[in-house]
Amino acid sequence: MSSQKQNNHKCTKTNNFSQLITLALASTTIISHTLPAQAVTFNFTYDTGVTYEQKIAFEFAGRYWADYLSDDATVNIHVDFASSSKLPKGMLGGSIPAFVNNLSYNSFWNALNNDRQSQFDYTAVSNLSSSTQWQSIFQNLQQETLTLSNNTITLTQANAKALNLIDKNSTALDGVIILNELDNTGYGWVNSGYIRTSVNSSYTKPFDLYSVAVHEIAHILGFVSSLDGINAKNYNDLDLRKKLFTPFDLFRYSDSSKTQGLSDLSNSNASYFSIDSGISNIGYLSAGQDTSIKGDGFQGSHWKNYTNSIGVMAPALRVSAVREADERDLNVLDVIGWNRKSRIYSNNYYTLDSQIQYANISANSALTSQAQFAAAWIKEINRNFDIANMLHLNRWGGSSTTSTLNQTQDLVDILAQEGVFEMGGFWDTIDEQENVTSVPEPANNAGLIGIGLLGLIGLKLKKFSRHYLNSI
-9 MSSQKQNNHK
1 CTKTNNFSQL
11 ITLALASTTI
21 ISHTLPAQAV
31 TFNFTYDTGV
41 TYEQKIAFEF
51 AGRYWADYLS
61 DDATVNIHVD
71 FASSSKLPKG
81 MLGGSIPAFV
91 NNLSYNSFWN
101 ALNNDRQSQF
111 DYTAVSNLSS
121 STQWQSIFQN
131 LQQETLTLSN
141 NTITLTQANA
151 KALNLIDKNS
161 TALDGVIILN
171 ELDNTGYGWV
181 NSGYIRTSVN
191 SSYTKPFDLY
201 SVAVHEIAHI
211 LGFVSSLDGI
221 NAKNYNDLDL
231 RKKLFTPFDL
241 FRYSDSSKTQ
251 GLSDLSNSNA
261 SYFSIDSGIS
271 NIGYLSAGQD
281 TSIKGDGFQG
291 SHWKNYTNSI
301 GVMAPALRVS
311 AVREADERDL
321 NVLDVIGWNR
331 KSRIYSNNYY
341 TLDSQIQYAN
351 ISANSALTSQ
361 AQFAAAWIKE
371 INRNFDIANM
381 LHLNRWGGSS
391 TTSTLNQTQD
401 LVDILAQEGV
411 FEMGGFWDTI
421 DEQENVTSVP
431 EPANNAGLIG
441 IGLLGLIGLK
451 LKKFSRHYLN
461 SI
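Under our numbering, residues -9 to 462 are what the sequence shown spells out, in order.
Here is the structure:
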């Protein structure tokens, strides 16, 4: 299908994007801090050995996302921590989402169209192809521009629940999160409580577990790109690229692709997230972990890594830093199928920003209290059979396993046996990096010391409150 014909299948475009941002921010700041009762529910289970403090971080993170998302869906996640000796060298942790593979693109588009609530939703859907196929381009290593199209799409199981494409209350696992115990590494975990801008430890170089937990859950919710299934070995496998294509990829644009009105899956091009066919840039995206195919060293399911990155979905977390979700993170989840709650604040304080900061600290303290209570009652459980079943039925790209797994095997051994460390998960690594390009906005461009590279996480150099007015 030509790009001209493809564009003919799109609804009328909405190009007043700056007005949408103003409208979205205004909708979060009105009269009183009240929230709708309806919200997404997170059911966490924990493997043997997960500690009380570790459980608190995840119970908080689930409540944190539920405080933003109004979808009436249940998301089931299993959490485990593993010795650094059992994980690939330098790995901080990561997510393994369950996927709904080979879903009809037309079914997805109809569900997304029916799910529209925000102005961002309406703009995003109006700029997608309403035909039976999606279409995208990518530039190969020979600088040739190729066109991809397919009548199916792949999305995380949790994302499919948000769109009512599968049973919203299914008890099947929607994902697994594995984190490094950081034993014998010189690093350690600390819980920030999301009430301070940094974490400290007199014994280790600390990573904030709250920030990591919130980040990893977002990948299971659907913050994933097909770039993270592509490497030097399968780079030219066009059929695989089609199988891995996600809703996130529909909004991945570059300056060269926007002239055709098509998303761009190239590693080499400077891609950004756009909901209006590339006209407006919400934020630049990482280009992929494999530098041999012109990736930038960071998984593509993240914002671009800058010294003053904001939001929770940037690819690197600095030691001692704390990161929260910002408008860009929330906009991505919004347009791929999740619904946002309205944020309303009273006029009891002198400035809007102080209202927001005070309300967020109070809300986070309350969520932590709830998380502490929940964590005290949750017992550890072995879910090897459930995880094996998830990998068999819902692995990314539709590949499955026929391996025989048993209840006594270590979970990380199972994942290694299944090749998940090579493909199917979104992994983070521990690194040290000092030369990172700065995004052109005011920030303290201090050098980085220790960074946890989250094929799914972010770096924090200054504190932005939730819904901070200048956070886009």
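The C-beta atom is built at its ideal place from N, Cα and C for all residues, glycine as well.
- Contact between residue 387 and residue 207 is absent: CB atoms are separated by about 22 Å, not below the 8 Å threshold.
- If you look at residue 380, you'll find it in the alpha helix (DSSP H) that goes 374 to 383.
- Scanning its chain for C-beta atoms nearer than 8 Å, with the 5 sequence neighbours on each side dropped, one finds around residue 176 the residues 194 and 195, in chain order.
- Every unbroken stretch of the beta strand (DSSP E) spanning 3 or more residues and falling wholly within the stretch 58 to 122 is given here in chain order: 64 to 72, 81 to 87 and 89 to 94.
- For the pair of segments examined, the stretch 93 to 100 was found not to touch the stretch 58 to 70: the number of CB pairs separated by less than 8 Å stays below three.
- Residue 33 and residue 234 have their C-alpha atoms roughly 27 Å apart.
- For residue 165, the enclosing beta strand (DSSP E) starts and ends at 165 to 170.
- Assigned with DSSP and collapsed to three states, residue 237 falls in helix.
- Rounded to whole angstroms, the Cβ separation of residue 254 and residue 128 is 7 Å, and the two are in contact under 8 Å.
- By the 16-neighbour rule on beta-carbons within 10 angstroms, residue 210 is buried.
- If you look at residue 186, you'll find it isn't in any beta strand (DSSP E); DSSP assigns it neither H nor E.
- Distance from the CA atom of residue 225 to the CA atom of residue 289, rounded to whole angstroms, is 15 Å.
- Pairwise C-beta distances place the stretch 104 to 120 out of contact with the stretch 181 to 189, as fewer than three of them are shorter than 8 Å.
- DSSP, reduced to helix, strand and coil, places residue 386 within a helical segment of the structure shown.
- Judged by their CB atoms, residue 212 and residue 145 are nearer to each other than the 8 Å cut-off.
- Minimum Cα-Cα distance from residue 385 among the listed residues 56, 85 and 326 corresponds to 85.
- In this structure, the straight-line span from the alpha carbon of residue 363 to that of residue 143 is close to 40 Å.
- Relative to residue 122, the option among 110, 139 and 30 whose CA is nearest is 139.
- Shown here, residue 260 sits in coil according to DSSP, grouped into three states, outside any helix or strand.
- Fully contained in the stretch 264 to 307 is no beta strand (DSSP E) run of length 3 or more.
- Collapsing the DSSP output to three states places residue 173 in coil.
- Distance from the CA atom of residue 157 to the CA atom of residue 134, rounded to whole angstroms, is 42 Å.
- At a Cβ-Cβ threshold of 8 Å, residue 268 and residue 277 do not count as neighbours.
- In the three-state reduction of the DSSP assignment, residue 193 falls in the coil class, being assigned neither a helical nor a strand state.
- Taking the Cα of residue 332 as reference, the smallest distance to any Cα among 202, 31, 242 and 108 is reached at 108.
- Just so you know, the alpha carbons of residue 199 and residue 42 end up roughly 13 Å apart.
- Between residue 125 and residue 113 a beta carbon distance of about 19 Å is seen, past the 8 Å cut, so the two are scored as non-contacting.
- Setting aside the 5 residues that flank it on each side, residue 47 is surrounded in the same chain by 181, 199, 200 and 203, each with a C-beta closer than 6 Å to its C-beta; the list follows chain order.
- Closest in alpha carbon position to residue 319, among 238, 376, 246 and 178, is 238.
- Annotated three-state conformation of residue 314 is coil, per DSSP.
- Following the DSSP letters along the chain, one finds residue 199 inside the alpha helix (DSSP H) bounded by residues 199 to 211.
- Looking at the DSSP output, residue 243 sits in a beta bridge with 262.
- In terms of Cβ geometry, residue 314 and residue 37 do not form a close pair [threshold 8 Å].
- Residue 102 is a Cβ neighbour of residue 153, given a cutoff of 8 Å.
- The C-beta distance from residue 45 to residue 368 rounds to 6 Å, short enough to fall under 8 Å.
- By the Cβ-count criterion, residue 248 is buried, with 16 or more other Cβ atoms from all chains shown falling within 10 Å of its own Cβ.
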